[in-house]
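In my numbering, the protein residues as written are 515 to 621. Don't be surprised by glycine CBs; every beta carbon is placed ideally from N, CA and C. Everything below concerns the one structure shown next.
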Amino acid sequence: MENKQKMVTEARLFLRLGVLSTLGFIFYYAHLFFGLLNNVVLFKTLAITFLLATIPLPVIAMNNKRLFPELSSSGKQILRLVTALLLFHHFLMTFIFVMFLRGEAVM
């Protein structure tokens, strides 16, 4: 019973981090195109927070063979690829936000 509870807990953690990562994706582009935040420290802190929330996603997807047992092996490969691409995207966007942007919109 404990093994099943651990699987459920890891799946919930994965889904919660995925939702937070998706919110980060929305945040990056909303700020780039609309310049929603005028506080430079706040938007850089949010960018770093979303990156840190995305780091465990590929680790969980690659190391846990029993994460989503209903998925086929090709589905698990796609999940691993998508989480790795999401991490790469968040890393690049955080780098751009922290190093180059000053708090205003690009357009």
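Could you compute how far the alpha carbon of residue i sits from the alpha carbon of residue j?
| i | j | result |
| --- | --- | --- |
| F614 | L606 | 11 Å |
| F582 | S535 | 19 Å |
| V554 | F539 | 18 Å |
| I562 | I569 | 11 Å |
| S587 | R580 | 11 Å |
| N552 | K518 | 46 Å |
| V533 | T523 | 15 Å |
Which residue from the options puts its Cα closest to that of residue i?
| i | options | result |
| --- | --- | --- |
| I610 | E524, Y542, N578 | Y542 |
| F602 | F528, M576, G549, P572 | P572 |
| L529 | A567, N517, N552 | A567 |
| L531 | V612, S588, F564, K518 | F564 |
Subject >> Stretch pair the stretch 548-563 + the stretch 594-603: three plus CB contacts closer than 8 Å >> reply: no
Original post:
How do the stretch 535-552 and the stretch 578-594 stand: do at least 3 beta-carbon pairs fall below 8 Å, yes or no?
Top reply: no
Subject >> Secondary structure, alpha helix (DSSP H): runs of 4+ residues fully inside the stretch 583-615 >> reply: 587-613
**OP:** Scan the stretch 536-570 and note each continuous alpha helix (DSSP H) run of 4 residues or more that stays entirely inside, going in chain order.
**Re:** The stretch 536-570 contains these whole alpha helix (DSSP H) runs: 554-568.
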